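Participant:
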Amino acid sequence: MNPIEIFAKSCHELSPSLIEYEVGSEVEFFLFKFLNIVNKLYTSFFVISFFDAFKAFSKYTTRVFGKPNVLDKCQTIPIFSKESDSLRGSIPIVLAEIKKNFEKLSNSLVIVLGLDFYSVIFGEEELTKLYPRLINLTYTSNTLIVLNTKLLSNRAIQIVDGFSATIAKLGVEEKEGKLMRYLVLLRTPFPEYNLRKWYFSIERGEILFHNSE
Amino acid sequence: MKKNCKDILLKAIKSASKKAGPILEDILDLHLKRTLGTGIEIVCDNPKEFKESLTRLFGEYSTRLFELILIQEIKKIADIGEGLDTIEEIIDQIRRYESN
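As given, the protein sequences belong to chains A and B, one line each in that order.
If you read the first sequence in the working numbering, its first letter stands for residue 1268, the second for the next number, and so on.
If you read the second sequence in the working numbering, its first letter stands for residue 4, the second for the next number, and so on.
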């Protein structure tokens, strides 16, 4: 199994799952490959998208992969989107609307995108209030959250990590002026893989994993 | 209040890069010099090209996040940009202040 497959297996067994990414780690590519792996396991992907995060994801995947089928399977609930009919409001209003949509679903993977955008705009205090309540709301389904934690304080990271059963980190390092991307599985039910680090590159539409540490 | 577009943006980019990741400023500068033959100062003259170049380096998602951080930093530094959502919009506003 490659590390995305390990992560996918882990997410299916232990949820909620969190992808912590750094700017430059091409998280969209990772997410796209992940969705292709878990595609057969779910009837639909229920995407909770803050500040048009899903739009950024689909723009990227469409540019790189054409029009991938996996996007058709995504039902999106846009929150604080630029679109005029988008949901806006306080945390209880946002949660009530999500709950209303969520109750109609069965066998869906819930994907939460753009909580980092939310944190940049409203501050991490609001994020730490929203995050646990959002997780509680979706606890009956498998849930995946994609979040840049580099911007958060240790306290906020502890809260976010505390509510996540599976965690993978996508990061970047600089070596001789080159961007080196890596993946670390921080928390999975497979101890032999935990804290292992894989460097990867993206070539011709594929993620190539190199040496692991 | 007189606001200098280039000074504000460069200061904001440095601050945003520091927040988003310590190696980002160097990588970004190097990438822009290699691909466009110029450094981060291109953001003032051609914000659209700056963003496109960022997208090629970081991807769409990270670029949007970086843009939002950058806008927050500009708001802090120059006390402008309330309600604005893109770098292009905020640069337009700074230029209007500059010309006043």
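Note that CB positions come from ideal geometry on N, CA and C, so glycine has one too.
All figures in this text were calculated on a predicted structure; none of them were measured in a lab.
Within the 8 angstroms Cβ cut-off, does B:D29 reach chain A?
Facilitator: For this step, residue 29 of chain B is matched to residue 26 along the second sequence. So, interface residue.
Participant: Determine the extent of the alpha helix (DSSP H) in which B:E55 is found, giving its start and end residues.
Facilitator: Here residue 55 of chain B is taken as the residue at index 52 of the second sequence, counted from 1. Counting along the chain, the alpha helix (DSSP H) containing B:E55 begins and ends at 50-61.
Participant: Are the CB atoms of B:H34 and B:S56 within a distance shorter than 8 angstroms?
Facilitator: For the purposes of this step, residue 56 of chain B is taken as residue 53 along the second sequence, with counting starting at 1. For the purposes of this step, residue 34 of chain B is taken as residue 31 along the second sequence, with counting starting at 1. Result yes, Cβ atoms of B:S56 and B:H34 sit closer than 8 angstroms.
Participant: Is A:N1415 buried or exposed, if buried means 16 or more other CB atoms sit within 10 Å of its CB?
Facilitator: For the purposes of this step, residue 1415 of chain A is taken as residue 148 along the first sequence, with counting starting at 1. Under this definition A:N1415 is a buried residue.
Participant: Quick one: does A:Y1327 have its CB under 8 angstroms from some CB of chain B?
Facilitator: Within the first sequence, residue 1327 of chain A is the residue found at index 60, counting from 1. With 8 angstroms as the cut-off, A:Y1327 counts as an interface residue toward chain B.
Participant: I'd like to know whether the C-beta atoms of A:T1433 and A:S1277 end up nearer to each other than 8 angstroms.
Facilitator: Along the first sequence, read from residue 1 onward, the residue named residue 1433 of chain A stands at position 166. Along the first sequence, read from residue 1 onward, the residue named residue 1277 of chain A stands at position 10. Closer than 8 angstroms, so yes.
Participant: Taking only beta-carbon positions, decide if B:Y64 is within less than 8 angstroms of chain A.
Facilitator: The sequence position of residue 64 of chain B within the second sequence is 61, counting from 1. Cβ-Cβ to chain A under 8 angstroms: yes for B:Y64.
Participant: Count the other C-beta atoms from every protein chain shown that fall within 10 angstroms of the C-beta of B:I96, then say buried if there are 16 or more, exposed otherwise.
Facilitator: As a first step, residue 96 of chain B is located in the second sequence; it is residue number 93 there, counting from the start. First, the residue type needs correcting, since residue 96 of chain B is Gln and not Ile in the sequence shown. The residue in question, B:Q96, is buried, as its Cβ has 16 or more Cβ neighbours within 10 Å.
Participant: Which partner residues of A:M1447 appear in the DSSP bridge assignment?
Facilitator: Position 180 of the first sequence, counted from the first residue, corresponds to residue 1447 of chain A. Looking at the DSSP assignment, A:M1447 forms a beta bridge with A:E1440.
Participant: Give a yes or no on contact between the stretch 87-95 of chain B and the stretch 47-65 of chain B, applying the rule of three or more CB pairs nearer than 8 angstroms.
Facilitator: They touch, by the three-pair rule.
Participant: Would you list, in chain order, the members of the stretch 1439-1463 of chain A that have their beta-carbon closer than 9 angstroms to a beta-carbon of chain B?
Facilitator: The stretch 1439-1463 of chain A vs chain B, Cβ under 9 angstroms: V1439, E1440, E1441, G1444, K1445, L1446.
Participant: Is A:E1287 near B:I30, with beta carbons less than 8 angstroms apart?
Facilitator: Within the first sequence, numbered from 1, the residue matching residue 1287 of chain A stands at position 20. Within the second sequence, numbered from 1, the residue matching residue 30 of chain B stands at position 27. Cβ atoms of A:E1287 and B:I30: not closer than 8 angstroms.
Participant: What are the start and end residues of the beta strand (DSSP E) that includes A:L1414?
Facilitator: On the first sequence, position 147 is the one that residue 1414 of chain A refers to. A:L1414 -> beta strand (DSSP E) spans 1409-1414.
Participant: Would you list, in chain order, the members of the stretch 1388-1402 of chain A that have their beta-carbon closer than 8 angstroms to a beta-carbon of chain B?
Facilitator: Flagged, chain order: I1388.
Participant: Can you tell me which residues form a DSSP beta bridge with A:C1341?
Facilitator: The residue given as residue 1341 of chain A occupies position 74 in the first sequence. In DSSP, A:C1341 forms a bridge with A:F1312.
Participant: Alpha carbon to alpha carbon, how far is A:I1365 from A:V1337? Give it in angstroms, no decimals.
Facilitator: Against the first sequence, residue 1337 of chain A aligns to sequence position 70. Against the first sequence, residue 1365 of chain A aligns to sequence position 98. Rounded to whole angstroms, A:V1337 to A:I1365 spans 22 angstroms at the Cα level.
Participant: Let me make sure I understand the geometry here. Which of B:K36, B:G24, B:P25, B:G42 has the alpha-carbon closest to that of B:L12?
Facilitator: Here residue 12 of chain B is taken as the residue at index 9 of the second sequence, counted from 1. Nearest of B:K36, B:G24, B:P25, B:G42 to B:L12, Cα basis: B:G42.
Participant: Which of helix, strand or coil does DSSP assign to A:L1281?
Facilitator: Counting from 1 along the first sequence, the entry for residue 1281 of chain A is found at position 14. If DSSP states are grouped into helix, strand and coil, A:L1281 belongs with coil.
Participant: Could you give the first and the last residue of the continuous beta strand (DSSP E) run that contains A:S1375?
Facilitator: Taking the first sequence and counting its residues from 1, the one referred to as residue 1375 of chain A is at position 108. Its beta strand (DSSP E) spans residues 1375-1380.
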